[in-house]
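Peer 1: Following my numbering, the numbering of the sequence shown begins with 654 at its first residue and continues without gaps.
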Amino acid sequence: MRDAAPKTIYLADYTPYPWTVESVDLHFTLAPNATRVRSVIRFAPNPNASAEDAMFLHGEKLKLISAAIDGAPVTPDLSDEGLQVAVPSGAFTFEAEVEIDPANNTALEGLYMSNGMYCTQCEAEGFRKITFYPDRPDVMSVFTVTVEGPHPVLLSNGNPVLTQNHLAKWHDPWPKPAYLFALVAGDLVAHSDTFTTMSGRHVDLNLYVRPGDEGKCAFGMQALKASMKWDEEVYGREYDLDLFNIVAVDDFNMGAMENKGLNIFNSSAVLASPETSTDMNFERIEAIIAHEYFHNWTGNRITCRDWFQLCLKEGLTVYRDSQFTSDMRSAPVKRISDVIDLRGRQFAEDQGPLAHPVRPESFQEINNFYTATVYEKGAEVIGMLKTLVGDEAYYQALDLYFERHDGDAATIEDWLKVFEDTTGRNLTQFKRWYAQAGTPRVTLEENFELDTLTLTFTQHTPPSAATPDPQPQVIPIAVGLIYPDGTEALETRVLEMTKAEQSFRFTGLEDEPVASVLRGFSAPVVLTQNLSDTDRAHLLANDTDTFNRWEQGRTLARGSLLSMIRTGAAPDAKYLAGIHAVVTDTSLDPATRALMLGLPSQSDLATTLHDAGETPDPAAIYAASETMREALADTFSSDAAGLYAANTVTAPYDPGAEQAGKRSLSNAMLSLITRRDGGAAAQAQYDAADNMTQQLSALANLIRAGKGTASLTAFYDQWKDDRLVMDKWFGLQVMEAAPEDAAATAEALTRHPDFNHKNPNRFRAVFGALVMHHAGFHHASGAAYTLLADWLITLDPLNPQTTARMCSAFQTWKRYDAHRQRMILAQVDRILATPNLSRDTTEMLTRIRGA
Ligand code: ZN
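1. Could you check if glutamate 967 belongs to the surroundings of the ligand ZN, using beta carbon to heavy atom distance under 7 Å?
2. Span of the alpha helix (DSSP H) holding aspartate 825?
3. Count the other C-beta atoms from every protein chain shown that fall within 10 angstroms of the C-beta of histidine 711, then say buried if there are 16 or more, exposed otherwise.
4. Taking 7 Å as the line, does the beta carbon of threonine 642 fall inside it for any heavy atom of the ligand ZN?
5. Does DSSP classify serine 930 as helix, strand or coil?
6. Within a Cβ cutoff of 8 Å, which residues of the same chain sit near arginine 655, ignoring the five residues on either side of it in sequence?
7. Going by the beta-carbon positions, is the gap between proline 685 and methionine 766 smaller than 8 Å?
8. Where are the alpha helix (DSSP H) runs, 4 residues long or more, that stay fully inside the segment 868-940, in chain order?
9. Could you tell me if lysine 1411 is buried or exposed, where buried requires 16 or more neighbouring beta carbons within 10 angstroms of its beta carbon?
10. Roughly how many whole angstroms lie between the Cα atoms of valine 727 and alanine 739?
11. What ranges does the beta strand (DSSP E) occupy inside the segment 675-718, keeping only unbroken runs of at least 3 residues that lie completely in it?
12. If we ignore side chains and look at the alpha-carbon of each, how far apart do serine 979 and lysine 882 end up?
13. Can you name, in chain order, every residue of its own chain whose Cβ lies under 7 Å from the Cβ of alanine 1358, other than the five neighbours on each side?
14. Could you give the DSSP three-state label for glutamate 1029: helix, strand or coil?
15. Looking at arginine 958: is its Cβ nearer than 8 Å to the Cβ of alanine 1063?
16. Starting from histidine 1263, trace the alpha helix (DSSP H) in both directions and tell me its first and last residue.
17. Give the secondary structure of threonine 1517 by DSSP, where H, G and I count as helix, E and B as strand, and everything else as coil.
18. Just to confirm my understanding: we take leucine 1325, look at its own chain, exclude 5 residues before and 5 after, and list those with CB closer than 7 Å. What are they?
19. Hey, methionine 1322 and tyrosine 1297 are a contact pair by Cβ (cut 8 Å); roughly how many whole angstroms apart?
20. So, for histidine 626: in the same chain, excluding its five sequence neighbours on each side, which residues have a beta-carbon less than 6 Å away from its beta-carbon?
21. Quick one: give me the first and last residue of the beta strand (DSSP E) that histidine 1233 is part of.
22. Tell me whether the beta-carbon of serine 1185 lies closer than 8 Å to the beta-carbon of threonine 1109.
23. Please state the DSSP three-state secondary structure of phenylalanine 947.
24. Check the C-beta distance from glutamate 748 over to valine 798 and give it rounded, since I have them as a contact under 8 Å.
25. Extract the residue ranges of the alpha helix (DSSP H) inside the segment 1394-1455, only unbroken runs of 4 or more that lie entirely within it.
26. Do you know how far the Cα of glutamine 999 is from the Cα of valine 1378?
27. Where does serine 1319 sit, in a helix, a strand or coil, going by DSSP?
28. Can you tell me the Cα-Cα spacing of leucine 1171 and leucine 963, whole angstroms?
29. If the criterion is Cβ atoms closer than 8 Å, does the pair valine 795 and proline 826 meet it?
30. Does the pairing of the segment 985-999 with the segment 1476-1489 give three or more beta-carbon distances under 8 Å?
31. Report the partner residues of histidine 855 according to the DSSP bridge assignment.
32. Based on the DSSP output, what are the partners of isoleucine 722 in its beta bridges?
33. Taking the beta strand (DSSP E) that isoleucine 1130 belongs to, which residues open and close that run?
34. Suppose the cutoff is 8 Å on Cβ atoms and the five residues either side in sequence are ignored; what does the same chain contact list for leucine 1134 look like?
35. Can you tell me which of the three DSSP states valine 1387 falls into?
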């Protein structure tokens, strides 16, 4: 274990920084192992803080060459965390020169190198690895940056003020915290375009990529322009610089980063072409480009006072990008996909040892809090707020937010206040969504008498270490009523639940309706509604809310799978018939029909069993899921070929929702067909494929049918020079492996010459797939636990962030039997016993293990 006790930081301890920073001048002289950074920083006393005579500046792994205050050399006290120096009482200038080693920066935080290019990642606390600075988001300043280096492209934030051979000077007029600083230098090519804003400002747009990737830029550029236009039309937000640059980088810990005027992207989150990217890749890229662009207002112009407020920018920006995707594509399809993702990742987090509030109150390593809870539950909270106040008040409140807080480092209190001031509502109770961890359980009792339906809800949030005594929350419950003949008895109405138990009455009904509850998933809760299978099938067939139709199909599937697991029952005929009816209903769009065919994930089923006080057996869950897929193959045996053909796209490839929806339905059919034809249709699709969606889906089916060997080799030969496609090749083999082979397949792939654990995309391709393979990861041999632990131990000293993130694979250990628990904990303890384990990984595993 680490020798130094890890330090915990508390929201309650916040104090303003004693100084403001009026301006920052940085001068970089780039060299792989010895980059020099000269800084000139103008400090003035902060009128809102008490004065101090010694100043602390963050700084990590910096070699201090010289320092001066107002021109006079000083010798600061240095520690692992920064420097301390005596300062005069008024305003002063601090100057320093430091040396850093970007070529050996494998953590990919601060200034580092990727394929010979320099780039930066500063959020959350990476700037302190570049120079000495008050590296906290409430210290905002105007940056001027000079970059000297032998590269054709030298970039930083803002607008260019000087470009010479091997030197470029940049000025960003917008005050910003250091986490939004960025620098890029390399041999890059630009895909350029322009955008004219609503007030007529001309903006140059560039997407910088490595030579060879030029052909993968067009879609990202279109997505950027669509995002810029959308934010003007929907939120009235205009871009504010003459230039907007995006750079694609192969080695990146996350998806992308919203640095002011210079977004840096994981190449997987921006590069796209029909031949190399799937429909899902296109949709994700469009969403991430929008997300980072939207941060320009929700994140950059208005930033966070401290890192506890991370959801202020992330929850809101995820909410905004989901609105954008809903407008660009299909709103119900987007909602269903988001709920699948929320349940898969956020619910698992909220119901396990890593549970934390959307606004946490303490942390050791902030990088560990870029979580599904902060992002996705944070977005759900915004959605609930909008549902409660209505669309009009929502946009009024947002206008006030931008007006009141532009240029501020703000808090959740500021955010809620604009809603209170706009609507006159008291949001004190609503604020619990930010303060309490855990997923509320909502139970519904229904009673019908004469012409009146009474819905009685109770809510209960299981206590957690983070929130030992949860209080009732404000839960918007969207409800509609459907009569037995399928007509609508009541259009969607939002019930506002605030108490632990609460009843709502609907009178004047002609007949007993079926209640369609939590439409559109109006709150991130677990709902228990004791509907009969017949009523569920009725909603699946007749609900006017697409989300709830899907939800009822899903609930029927879950119920049937649980009976199969518990009692060996056969697949439920009502479910199969209901799904058959919706999937063959051509009045529904193909994407929705494809989603209807999906089953709850095996991990979801494990959670449900655990919740019911049972011990999930991953092998039994796997077997039941396979049996259900076989039953679906039988159910569709006479339609599958027809549906496959009817939804096969013959027009030239287009990544838009319409074609993508058809491909998702035809590929869902292909997987049913493959269970009956031994892979003949998949092979034909593979041979004919002219886009990655079709090629990859065919390959997956061939592997599943045991016929993948030749195509895997052909695929490798075709794509071995394309890094992003090779990530798919690595991942797919693990995903499609039989449970007993998953760990061995992953292990063999780590010995492949193209495996490189220092590249986060490649590492995640193999291990992300292994962790997602429920029956493979939790195979009784324990081989996957050991393999993952081996590699986490190897990666931790190189890249703590990616290591710590992958540790969440172990967060569900308490669900399983004593033998698996022991095996997992043995690996967790083995990692924890590694000398010099990073703060990131130590915190994650300590929290997972529990007290
Ligand atoms: Zn973000």
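Using N, Cα and C, we set each Cβ at its ideal position, and we do this for glycine too. Source: prediction; values computed, not measured.
Peer 2: This is what the structure gives:
1. Result yes, Cβ under 7 Å from the ligand ZN.
2. Unbroken run through aspartate 825 is the beta strand (DSSP E), 820-829; no alpha helix (DSSP H).
3. buried
4. Lying outside 654 to 1504, the shown extent of the chain, residue 642 is not represented and no answer is given.
5. coil
6. Since pLDDT at arginine 655 reaches only 40, below the 50 mark, its modelled position is unreliable, and the value read off the structure follows with that caveat. Result list for arginine 655: Asn1489, Leu1490, Arg1492, Thr1495, in chain order.
7. yes
8. 871-888
9. exposed
10. 9 Å
11. Given a length threshold of 3 residues, each whole run of the beta strand (DSSP E) inside the segment 675-718 is given here in chain order: 688-698, 707-711.
12. 15 Å
13. Thr1327, Gly1331, Gly1332, Ala1335
14. Three-state result, glutamate 1029: helix.
15. Closer than 8 Å, so yes.
16. 1255-1264 is the extent of the alpha helix (DSSP H) around histidine 1263.
17. Only positions 654 to 1504 of the chain appear in this structure, which leaves residue 1517 out of reach.
18. Around leucine 1325: Leu1285, Ala1286, Phe1289, Ala1293.
19. 4 Å
20. Within the shown structure, residues of the chain are numbered from 654 to 1504, placing residue 626 beyond reach of any answer.
21. Careful: histidine 1233 lies outside any beta strand (DSSP E), inside the alpha helix (DSSP H) at 1226-1236.
22. no
23. helix
24. Wrong, their Cβ atoms sit about 15 Å apart, outside the cutoff.
25. 1395-1403, 1413-1425, 1427-1430, 1436-1448
26. 28 Å
27. Residue state for serine 1319 is assigned as helix, using DSSP reduced to three classes.
28. Their Cα atoms are separated by approximately 28 Å.
29. yes
30. no
31. Beta-bridge partners of histidine 855 (DSSP): Thr849.
32. Ala725, Phe747
33. 1128-1135
34. Leu1106, Glu1141, Ala1142, Leu1143, Phe1159, Leu1162, Pro1166, Val1167, Ala1168, Ser1169
35. Residue state for valine 1387 is assigned as helix, using DSSP reduced to three classes.
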